[in-house]
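As C-alpha cells, the structure follows; a few thoughts come after it.
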Amino acid sequence: AQKITQTQPGMFVQEKEAVTLDCTYDTSDQSYGLFWYKQPSSGEMIFLIYQGSYDEQNATEGRYSLNFQKARKSANLVISASQLGDSAMYFCAMRRPSGGYNKLIFGAGTRLAVHP
Amino acid sequence: DTGVSQDPRHKITKRGQNVTFRCDPISEHNRLYWYRQTLGQGPEFLTYFQNEAQLEKSRLLSDRFSAERPKGSFSTLEIQRTEQGDSAMYLCASSLSHGLNTEAFFGQGTRLTVV
Numbered sequence: 094a095q096k097i098t099q100t101q102p103g104m105f106v107q108e109k110e111a112v113t114l115d116c117t118y119d120t121s122d123q124s125y126g127l128f129w130y131k132q133p134s135s136g137e138m139i140f141l142i143y144q145g146s147y148d149e150q151n152a153t154e155g156r157y158s159l160n161f162q163k164a165r166k167s168a169n170l171v172i173s174a175s176q177l178g179d180s181a182m183y184f185c186a187m188r189r190p191s192g193g194y195n196k197l198i199f200g201a202g203t204r205l206a207v208h209p
Numbered sequence: 039d040t041g042v043s044q045d046p047r048h049k050i051t052k053r054g055q056n057v058t059f060r061c062d063p064i065s066e067h068n069r070l071y072w073y074r075q076t077l078g079q080g081p082e083f084l085t086y087f088q089n090e091a092q093l094e095k096s097r098l099l100s101d102r103f104s105a106e107r108p109k110g111s112f113s114t115l116e117i118q119r120t121e122q123g124d125s126a127m128y129l130c131a132s133s134l135s136h137g138l139n140t141e142a143f144f145g146q147g148t149r150l151t152v153v
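As C-alpha cells, then:
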C-alpha cells in the first residue's frame, strides 16, 4: 500500500533554531513526487517545497530544505532559523503516476510549536 | 487571483439533514479536488474533476455524497442524511497542470459539525 508516515505528533523548537520534521514513505513506483504543506490554524494548506524522485539534489526554498534519502525512503523537512509564525501543522504528501497524478496522499502531520 | 475560496467556512447541522458546500477554484485552473480531513489526521482524497468531468472518486465517497462541477467552474459537494461521522474539515484544491510536480492550491476549508 502507498503510505506516508510522520512519526512525530508534535515538535518544539526555540525561535531562530533549526528543526527537522520526519517523513517516510512507501511506494513501489520508481517515479513519484514528494511535497510538504503547512497548515496554520486558519485551515488553509500552504505549499512549501517539492522533491521529485529523480531529482539528484535536495530541494530548497528559502528557509525550507528537504533532506531526501531515496534508499531509505525518507523526505525530512528542515526549517532553518525558526520564526514564531512557523507554528502550525506540517504535512508530508506524495503524488504517484498511478491513477494519473490525480491525488495527493498525506501523512498524519506534525504540529510544530516555536517558542520565543 | 484571489485563490481558492470555500463557502461556508463553518457549518453546524443536525444529524439527518442535507448540507451543500461550494468551492470556487482559481479561475484558470481546470483541475479541482475535494479532500476530507478529520481531527488529528491528514487530508484524505475524496474526488477529482477535470473541467466538468468527475474522473475519480474515492471509496470514502459513499452514496450519500455527491459532487458536481457544472461548466467546469465552481464545484459543490453535497452530503445527504448527514451522520456524526461526517464531522470533518472539507478541503477543496485546484491546479492548472498535470504532472508529478503539480502544486495544488487549497482553500481554507469548510468545517462541518454534525450534532
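Protein chains in written order, with the numbering used here: chain A, 94 to 209; chain B, 39 to 153. Ideal Cβ placement from N, Cα and C applies to all residues, glycine included.
For A:M138, a Cβ of chain B is located within less than 8 Å of the residue's own Cβ. Using a CB distance cut-off of 8 Å, A:N195 counts as an interface residue toward chain B.
Here DSSP, grouped into helix, strand and coil, assigns A:G126 to strand. When Cβ-Cβ separations below 8 Å define contact, A:G155 makes no contact with chain B.
Here DSSP, grouped into helix, strand and coil, assigns B:D62 to strand. Annotation: B:D101 to B:Q118 spans about 9 Å, alpha carbon to alpha carbon. Not one beta carbon of chain A lies nearer than 8 Å to the beta carbon of B:A91. Per DSSP, the beta bridge partners of A:V106 are A:V207.
Distance from B:L115 to B:A105 at the Cβ level is roughly 5 Å; contact confirmed, criterion being Cβ atoms closer than 8 Å. Any Cβ of chain B closer than 8 Å to the Cβ of A:P209 would place that residue at the interface, and such an atom is absent.
In this structure, the beta-carbon distance from A:G136 to A:T203 does not fall below 8 Å.
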